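Worksheet: the structure to be examined is printed underneath.
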Amino acid sequence: MGFKLAFISLKMSLQWTLVAGFLYCEMAVIIILMLPFISATMWQKLFKSKFMRSLAAYSNFYFSAFFVILLLLFLDSIRQMQKYSSARDQEVDHGHLDAELQQSMKMFRAQRNCYIAGFALFLAPVIRRLVSLLSTQAELIAREIASLKQAHNATETAKKLMQEKEQKDQQENKDNVQNEEFESKIKVLKAQLQEKETELSKTRKDLESLRSQAEGTNREYDRLLEEHRKLQEQVEEGQGEKKTD
71 MGFKLAFISL KMSLQWTLVA GFLYCEMAVI IILMLPFISA TMWQKLFKSK
121 FMRSLAAYSN FYFSAFFVIL LLLFLDSIRQ MQKYSSARDQ EVDHGHLDAE
171 LQQSMKMFRA QRNCYIAGFA LFLAPVIRRL VSLLSTQAEL IAREIASLKQ
221 AHNATETAKK LMQEKEQKDQ QENKDNVQNE EFESKIKVLK AQLQEKETEL
271 SKTRKDLESL RSQAEGTNRE YDRLLEEHRK LQEQVEEGQG EKKTD
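Residues in the sequence shown are numbered from 71 upward in steps of one, following my numbering.
Right, here's the structure in full:
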């Protein structure tokens with residue numbers, strides 16, 4: 071029986087040692103996340119790395135399971151506190167000093183376990199919130215840098231446009247005379263183009279008339295050729311009749 075109680079005591083000690091170790095790890099993570107010389111951008115790169123993504127894909131389930139275990143241990147420690155508190159009151163009433171000391175030790179362990187489990191549960195969402203805030207801060211910094219870059223580019227573009235406009239105005243003042251000359255030349259070229267179009271239209275009409283004349287000549291040639299063929303046939307028939315007589 072004593073060996074069994076010692077084994078149970080050792081088991082509980084290892085169990086709460088693991089919980090305390092988890093609490094210390096949470097405290098270390100919070101301290102590291104709050105280090106001032108590590109920027110939010112660096113944390114964001116680390117959070118979005120392939121290693122952290124692969125680790126998060128497998129660790130969410132185990133983290134949730136461990137969180138549930140912590141919650142159960144926290145509730146169990148509260149139950150033990152209530153249990154040992156009522157038992158200690160009974161021992162005080164009976165006046166047994168040794169039993170009272172044992173109940174006080176059990177009460178102390180129950181309170182210690184309650185504090186360990188409670189702080190471990192409390193720091194878990196704190197870490198998640200810190201990670202979320204660091205990611206949000208990194209995104210805001212990236213947006214701020216992008217906005218500043220866009221504003222700088224817009225300022226440079228505006229300066230270039232102003233300079234180009236000034237140069238253009240100066241060039242326009244210089245080119246006013248040349249524009250007038252160009253306009254006069256354009257008018258002359260338009261007049262010449264109009265004349266050429268008129269000549270081209272006249273030439274097209276002449277070509278059409280020549281084409282119609284050529285077609286008429288071809289038809290007349292074909293008619294005369296047909297009459298010549300008929301006359302030649304008549305002559306050949308007349309010569310054939312004379313030879314027969």
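Where is the CB? At the ideal position from N, CA and C, for every residue including glycine.
Values in this document were obtained by computation on a predicted structure and should not be read as measured data.
On the criterion of 16 or more Cβ atoms from any shown chain inside 10 Å, does residue i qualify as buried, or is it exposed?
i, result
"Y132", "exposed"
"V89", "buried"
"C95", "exposed"
"A110", "buried"
"R105", "A small correction: the amino acid at residue 105 is Leu; Arg does not occupy that position in the sequence shown. With fewer than 16 other Cβ atoms within 10 Å, it is exposed."
"K74", "For K74, the pLDDT reaches just 43, beneath the cut-off of 50, and the residue's location in the model is therefore unreliable, leaving the point undetermined."
"L142", "exposed"
"L270", "exposed"
"L140", "buried"
Just confirm the distance between the C-beta atoms of residue i and residue j, as a whole number of angstroms; I'd bet it's less than 8 Å.
i, j, result
"L193", "L125", "The pair is not a contact, with the Cβ atoms about 19 Å apart (cut-off 8 Å)."
"A187", "S147", "6 Å"
"L191", "F117", "Not quite, the Cβ-Cβ distance comes to about 23 Å (not below 8 Å), so this is no contact."
"L200", "I100", "7 Å"
Tell me whether residue i sits in a helix, a strand or coil according to DSSP, three-state version.
i, result
"P195", "helix"
"K74", "Residue confidence is low: K74 scores 43 on pLDDT, short of 50, so the model does not pin down where it sits. No coordinate-derived value is stated."
"S205", "helix"
"S79", "Residue confidence is low: S79 scores 45 on pLDDT, short of 50, so the model does not pin down where it sits. No coordinate-derived value is stated."
"Q304", "helix"
Just tell me which of the options has its CA closest to the CA of residue i.
i, options, result
"Q152", "S174, F136, A284, A190", "S174"
"Q181", "L295, S155, Q309", "S155"
"E209", "W86, Q309, Q114, F107", "Q114"
"T87", "N183, E307, E296, V138", "N183"
"G91", "F136, L295, R123", "F136"
"M112", "E242, S205, L231, Q237", "S205"
"V196", "Q264, L259, K176, A98", "A98"
"R179", "Q264, V305, S83", "S83"
"L103", "E250, R198, R149", "R198"
Checklist entry - Fully enclosed by the stretch 95-149, which alpha helix (DSSP H) runs are 4 residues long or longer? => result Fully enclosed alpha helix (DSSP H) runs of 4 or longer: 110-117.
Checklist entry - Counting only runs that start and end within the stretch 230-262, where is the beta strand (DSSP E) found for 3 or more residues in a row? => result The stretch 230-262 contains no whole beta strand (DSSP E) run of 3 or more residues.
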